[in-house]
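**Student:** Per the numbering used here, residue 1 is the first one in the sequence shown, and the count goes up by one each step. All C-beta atoms, glycine included, are put in the ideal place defined by N, C-alpha and C. Take a look at this one; I'll ask things after.
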Amino acid sequence: MNSLENVNELVEQNGYSLYIPKDLNHHKEADLMVVLNDIGNEKYKNNIKMFYRDICDNEGIIILFPNKVVEDDSCLDEKILKEIKDLIIYIKENFKINKVIVNGAFIEGYRALKLYDYCGEMVDGLCIISTHYYIPKLLGRENGINYREPMNICKFKDTPMIVFHGTKDEIYSYSDMRGFFKDLTNINSSVQVVVEDIGHEGISSFRMDILCMWLKKLRRS
Numbered sequence: 001m002n003s004l005e006n007v008n009e010l011v012e013q014n015g016y017s018l019y020i021p022k023d024l025n026h027h028k029e030a031d032l033m034v035v036l037n038d039i040g041n042e043k044y045k046n047n048i049k050m051f052y053r054d055i056c057d058n059e060g061i062i063i064l065f066p067n068k069v070v071e072d073d074s075c076l077d078e079k080i081l082k083e084i085k086d087l088i089i090y091i092k093e094n095f096k097i098n099k100v101i102v103n104g105a106f107i108e109g110y111r112a113l114k115l116y117d118y119c120g121e122m123v124d125g126l127c128i129i130s131t132h133y134y135i136p137k138l139l140g141r142e143n144g145i146n147y148r149e150p151m152n153i154c155k156f157k158d159t160p161m162i163v164f165h166g167t168k169d170e171i172y173s174y175s176d177m178r179g180f181f182k183d184l185t186n187i188n189s190s191v192q193v194v195v196e197d198i199g200h201e202g203i204s205s206f207r208m209d210i211l212c213m214w215l216k217k218l219r220r221s
């Protein structure tokens with residue numbers, strides 16, 4: 001195993017930060033949450049960093065967090081999926097990781113679906129926030145995966161999953177997403193769908209409280 005300093009250095013070289021609980025060492029078991037977020041907005045970036053640092057400290061979960069701004073069409077980039085998978089493997093080699101949770105918001109929520117599709121055998125739980133099941137089409141791209149199609153949505157039939165969406169979302173309309181959520185819960189009764197009377201929002205104190213309750217349940221399973 002490498003030292004914590006060496007682990008952090010390699011992670012940062014790949015454009016990510018690693019938040020490690022204060023009392024954690026190489027011999028203590030912990031869970032890992034991979035956070036995929038668009039951090040182009042400086043104010044929002046600081047807010048979400050604060051939220052996930054709180055999860056790290058209060059829940060004892062290692063957080064892998066992006067430092068780089070993503071381009072809209074990067075959700076189609078297979079190289080980034082491999083990069084994240086390799087980082088998960090590297091972290092598991094250096095810590096006693098119990099469960100791996102992938103958390104994606106906005107356009108990165110679609111990448112969270114793709115990451116599960118790419119290496120679902122390594123992922124124990126999935127959280128998506130204010131996203132869409134077929135973002136490539138919304139970007140005018142002909143390639144990409146429609147995760148509402150039966151051959152694709154079935155990949156999540158055994159996945160512990162929580163979904164957040166606003167009924168007033170002006171980017172990915174709830175009227176469009178409602179059918180996807182219904183299809184998800186039809187094939188997987190454990191999927192938790194949290195709908196709020198808000199717009200296109202990311203993580204919040206309310207959502208964080210619900211996410212933490214879901215995490216506790218997942219970690220006991």
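Less than 8 angstroms between the CB atoms is what I'm expecting for Gly125 and Leu218, so what's the real figure, rounded?
**Tutor:** About 5 angstroms separates the two Cβ atoms, so the contact holds.
**Student:** Which first and last residues belong to the alpha helix (DSSP H) in which Leu139 is found?
**Tutor:** Careful: Leu139 lies outside any alpha helix (DSSP H) and carries neither H nor E.
**Student:** Measure the CB-CB distance between Leu18 and Ile61 and report whether it falls below 8 angstroms.
**Tutor:** Their beta carbons are not under 8 angstroms apart, which means Leu18 does not touch Ile61 by this criterion.
**Student:** My output table needs one value for Val35: the three-state DSSP class, helix, strand or coil.
**Tutor:** If DSSP states are grouped into helix, strand and coil, Val35 belongs with the strands.
**Student:** Okay, do the region 198 to 208 and the region 166 to 177 touch, 3+ Cβ pairs below 8 angstroms being the bar?
**Tutor:** Judged by Cβ distances under 8 angstroms, the region 198 to 208 makes contact with the region 166 to 177, as three or more pairs qualify.
**Student:** Identify the continuous alpha helix (DSSP H) that holds Cys154 and give its terminal residues.
**Tutor:** Premise fails: Cys154 is in no alpha helix (DSSP H) and is neither H nor E.
**Student:** Are three or more beta carbon pairs between the region 82 to 99 and the region 184 to 194 nearer than 8 angstroms?
**Tutor:** No, the region 82 to 99 is not in contact with the region 184 to 194.
**Student:** Measure the CB-CB distance between Tyr133 and Val123 and report whether it falls below 8 angstroms.
**Tutor:** No; because the gap between Cβ atoms is not below 8 angstroms, this pair is not in contact.
**Student:** Pick out the complete alpha helix (DSSP H) segments inside the region 108 to 139, 4 residues or longer, and give them in chain order.
**Tutor:** List check, alpha helix (DSSP H) in window: 135 to 138.
**Student:** For Lys96, which beta-bridge partners are listed by DSSP?
**Tutor:** Its beta-bridge partners are Glu29.
**Student:** Look at Ile128 and Gly109 and say whether their C-beta atoms are less than 8 angstroms apart.
**Tutor:** Their beta carbons are under 8 angstroms apart, which means Ile128 touches Gly109 by this criterion.
**Student:** State the DSSP-derived secondary structure class of Asn67, mapped to helix, strand or coil.
**Tutor:** Asn67: coil per DSSP, three-state reduction.
**Student:** Would you mind sorting Pro150 into buried or exposed? The rule is 16 or more other CB atoms within 10 Å of its CB.
**Tutor:** That one is exposed.
**Student:** How is Asn103 classed by DSSP in three states: helix, strand or coil?
**Tutor:** It is a strand residue.
**Student:** Using the rule of at least 16 other Cβ atoms within 10 Å of the residue's Cβ for burial, across every protein chain shown, is Ser89 buried or exposed?
**Tutor:** In the sequence under discussion, the amino acid at residue 89 is Ile, which differs from the Ser named in the question. Label assigned to Ile89: exposed.
**Student:** Give a yes or no on whether the C-beta atoms belonging to Phe156 and Thr131 are separated by under 8 angstroms.
**Tutor:** For Phe156 and Thr131, no; Cβs fall outside 8 angstroms.
**Student:** Quick check on Gly199: does DSSP put it in helix, strand or coil?
**Tutor:** Looking at Gly199 - three-state DSSP - the assignment turns out to be coil, as it is neither helix nor strand.
**Student:** Going by beta-carbon coordinates alone, are Gly15 and Asn67 separated by less than 8 angstroms?
**Tutor:** Yes, these two residues count as a Cβ contact at 8 angstroms.
**Student:** So for Tyr52, helix, strand or coil by DSSP?
**Tutor:** It is helical.
**Student:** When you compare each of Leu184, Met208 and Val34 to Val100 by their alpha carbons, which one comes out closest?
**Tutor:** Measuring from the Cα of Val100, the nearest candidate turns out to be Val34.
**Student:** Could you check where the alpha helix (DSSP H) with Ile171 kicks off and where it finishes?
**Tutor:** Element bounds for Ile171: n/a, residue is neither H nor E.
**Student:** State yes or no: is the C-beta of Phe180 within less than 8 angstroms of the C-beta of Arg148?
**Tutor:** Yes, they are a contact pair.
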